[in-house]
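Enquirer: Protein chains in written order, with this note's numbering: chain A, 1 to 115; chain B, 1 to 113.
All C-beta atoms in this analysis are idealised placements derived from N, C-alpha and C, irrespective of residue type, glycine included.
Below is the structure I would like to discuss, written out as structure tokens.
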């Protein structure tokens, strides 16, 4: 009964390095969302993917950030040349699109700290 | 985006029923209302979702009046482990097809022994 899995749970990077965050959705879910949460804030939508397709990336910074959800394997959020402002908790959620309503199930998050 | 407003914090004693009300005055016809619970250092956990009237599951009840401009999450007989932040969200499917959830700051519920 595996839910959404994310790894690593904690990631420390120095400025300028790359961060790769992985998300394995609930088995059978084909939709993945990534959200970012700053301290004391609510989650903010970044990107929505279906298998092999980015559907909506309107919440993701245009530079340094990219996401993918390959046919096989987990979804990956990649942050290149990290800066201190990228320090946050990154959550992945998966769902089955039912049309009007949609229930998203969240993973435990990856806490990124940029030194 | 449909905005939600909910109290910043609430306190309750163990064993009491807690009602958290959320207002969403500009909710759209097709929007559903969803509540999540989040503990520190964890991801949000789905509690309940509804469109109108009343929805009940093993964890909570959700009351939605006819005008749908507000909703109330009801937690029966809370325990210390219910201390968490509770988010009220109104989902909105974007033109691109994504179902974006807009999280505010939520309601921080503190259950007191």
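Within this structure, are the beta carbons of residue 63 of chain B and residue 74 of chain B separated by less than 8 Å?
Expert: yes
Enquirer: Report all residues from its chain with a CB closer than 6 Å to the CB of residue 115 of chain A; omit the five preceding and five following residues, and keep chain order.
Expert: Around residue 115 of chain A: 14.
Enquirer: Would you grab the beta carbon distance between residue 90 of chain A and residue 59 of chain A for me? Rounded to a whole angstrom, and I think it's under 8 Å.
Expert: 12 Å between Cβ atoms; not a contact.
Enquirer: Would you say residue 68 of chain A faces chain B, with C-beta separation under 8 Å as the test?
Expert: no
Enquirer: Report the rounded CA-to-CA distance for residue 58 of chain B versus residue 35 of chain B, giving the unit in angstroms.
Expert: Their Cα atoms are separated by approximately 14 Å.
Enquirer: Which term fits residue 67 of chain B, buried or exposed, when burial requires 16 or more other beta carbons within 10 angstroms of its beta carbon?
Expert: exposed
Enquirer: Is the beta carbon of residue 18 of chain B sitting closer than 8 Å to the one on residue 12 of chain B?
Expert: Yes.
Enquirer: Going along chain B, which residues have a C-beta under 7 Å from residue 76 of chain A?
Expert: By Cβ distance, chain B contributes nothing, its closest Cβ being about 18 Å from residue 76 of chain A, past 7 Å.
Enquirer: Taking 8 Å as the cut-off, decide whether the C-beta atoms of residue 21 of chain B and residue 70 of chain B are in contact.
Expert: yes
Enquirer: Which same chain residues end up closer than 7 Å to residue 46 of chain A when comparing Cβ atoms and leaving out the 5 residues on each side of it in sequence?
Expert: 34, 35, 36, 59, 60
Enquirer: Of all the options A:96, A:24, A:51, A:112, which has the alpha carbon lying nearest to the alpha carbon of residue 6 of chain A?
Expert: A:24
Enquirer: What do you reckon, are the CB atoms on residue 29 of chain A and residue 50 of chain A nearer than 8 Å?
Expert: no
Enquirer: Work out the CA separation of residue 73 of chain A and residue 98 of chain B for me, nearest whole Å.
Expert: A straight-line Cα-Cα distance of about 21 Å links residue 98 of chain B and residue 73 of chain A.
Enquirer: I need the straight-line Cα distance from residue 66 of chain A to residue 44 of chain A, nearest angstrom please.
Expert: 16 Å
Enquirer: At a Cβ cut of 9 Å, what residues of the region 22-44 of chain A count as close to chain B, listed as they run along the chain?
Expert: 31, 33, 35, 37, 40, 41, 42, 43, 44
Enquirer: Excluding the 5 residues flanking residue 81 of chain A on each side, which residues of the same chain have their C-beta closer than 6 Å to its C-beta?
Expert: 16, 64
Enquirer: Can a CB atom of chain A be found closer than 8 Å to the CB of residue 23 of chain B?
Expert: no
Enquirer: Give me the Cα-Cα distance between residue 125 of chain B and residue 83 of chain A, rounded to the nearest whole angstrom.
Expert: The requested residue 125 of chain B is not part of the displayed model; chain B covers only 1 to 113.
Enquirer: Do residue 96 of chain B and residue 79 of chain A count as a contact pair if the criterion is CB distance below 8 Å?
Expert: No, Cβ-Cβ distance for residue 79 of chain A and residue 96 of chain B is not below 8 Å.
Enquirer: Quick check for students: name the residue ranges of the beta strand (DSSP E) that lie wholly in the region 5-49 of chain A, counting only runs of 3 or more.
Expert: Fully enclosed beta strand (DSSP E) runs of 3 or longer: 5-7, 10-13, 19-24, 31-37.
Enquirer: Cβ closer than 9 Å: which chain A residues qualify as neighbours of residue 46 of chain B?
Expert: 103, 104, 105, 106
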